[in-house]
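Report on one structure; see the data block that follows.
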Ligand SMILES: [Zn+2]
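Take a look at the structure:
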């Protein structure tokens, strides 16, 4: 009896939840998260489109970085002043992988195009095949 009573109280509490999409009170099953299918759908669509946007923005940054490296490094190995990368709009915070040599030198890669800060505000550019 006591347990049933607790269960009922718990369900009653849960039933006062509100819909995260429209703020309406949720009526019905205690595990319902939204007031309606429409709200669940529009909530999920919005979440998906935000994460799609995020992925698209980062992909665009990576693509731009890749094009800049390709253009500045046509012979697969060169050095370039940092300002040249900056002027082209290179974003140093976006890369796809890091390669650390045994000596501890860290190369940053955008796909197969790598860059490495060297002395005098220059960058070494390398292409990995
Ligand atoms: Zn709703």
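In my numbering, the protein residues as written are 133 to 261.
Glycine included, every Cβ here is placed at the ideal spot set by N, Cα and C.
Keep in mind it's a predicted model, so treat the numbers as computed, not measured.
Legend entry - Inter-residue spacing [alpha-carbon to alpha-carbon] between residue 133 and residue 168: Within the chain shown, residue 133 is the residue found at index 1, counting from 1. Within the chain shown, residue 168 is the residue found at index 36, counting from 1. Unreliable positioning characterises residue 133 in this predicted model, as indicated by a pLDDT of 46, which lies under 50. The coordinate reading is nonetheless provided below. Here the alpha carbon of residue 133 sits roughly 33 angstroms from the alpha carbon of residue 168.
Inset, instruction - Determine the direct distance from the alpha carbon of residue 156 to that of residue 126, and round the result to whole angstroms. - result: In the structure displayed, the chain extends from 133 to 261; residue 126 sits before or after that span and is not available.
Legend entry - Residues of its chain near residue 250, where Cβ-Cβ distance is below 6 angstroms and the 5 sequence neighbours each way are ignored: Residue 250 sits at position 118 when you count from the first residue of the chain shown. Once the five neighbours on either side are set aside, the close Cβ partners of residue 250 are 256.
Legend entry - the segment 186-205 / the segment 218-236 touching (three or more Cβ pairs under 8 angstroms): Yes: at least three Cβ pairs fall under 8 angstroms.
Inset, instruction - Between the Cα of residue 118 and those of 258, 149, 154 and 153, spot the shortest distance and give me the residue it belongs to. - result: Limits of the chain in this structure are 133 at one end and 261 at the other, which puts residue 118 out of reach.
Legend entry - Runs of beta strand (DSSP E) lying entirely within the segment 170-236, each at least 3 residues, in chain order: Fully enclosed beta strand (DSSP E) runs of 3 or longer: 209-213 and 229-232.
Legend entry - Neighbour-count burial assignment, residue 186, 16 or more Cβ in a 10 Å radius: For the purposes of this step, residue 186 is taken as the residue at position 54 of the chain shown. Exposed is the call here.
Legend entry - Straight-line gap, residue 202 to residue 245 (C-alpha atoms, nearest Å): In the chain shown, residue 202 corresponds to position 70, counting from 1. In the chain shown, residue 245 corresponds to position 113, counting from 1. If you take the alpha carbons of residue 202 and residue 245, they lie about 7 angstroms apart.
Inset, instruction - Compute the Euclidean distance between the alpha carbons of residue 176 and residue 165, then round it to the nearest angstrom. - result: Reading the chain shown from its first residue, position 44 is the one you call residue 176. Reading the chain shown from its first residue, position 33 is the one you call residue 165. About 12 angstroms.
Inset, instruction - Can you tell me which of the three DSSP states residue 165 falls into? - result: The residue labelled residue 165 in the question sits at position 33 within the chain shown. Coil, per DSSP.
Inset, instruction - On the DSSP bridge assignment, give the partners of residue 246 in chain order. - result: Taking the first residue of the chain shown as position 1, residue 246 is located at position 114. DSSP output for residue 246 lists 241 and 258 as bridge partner(s).
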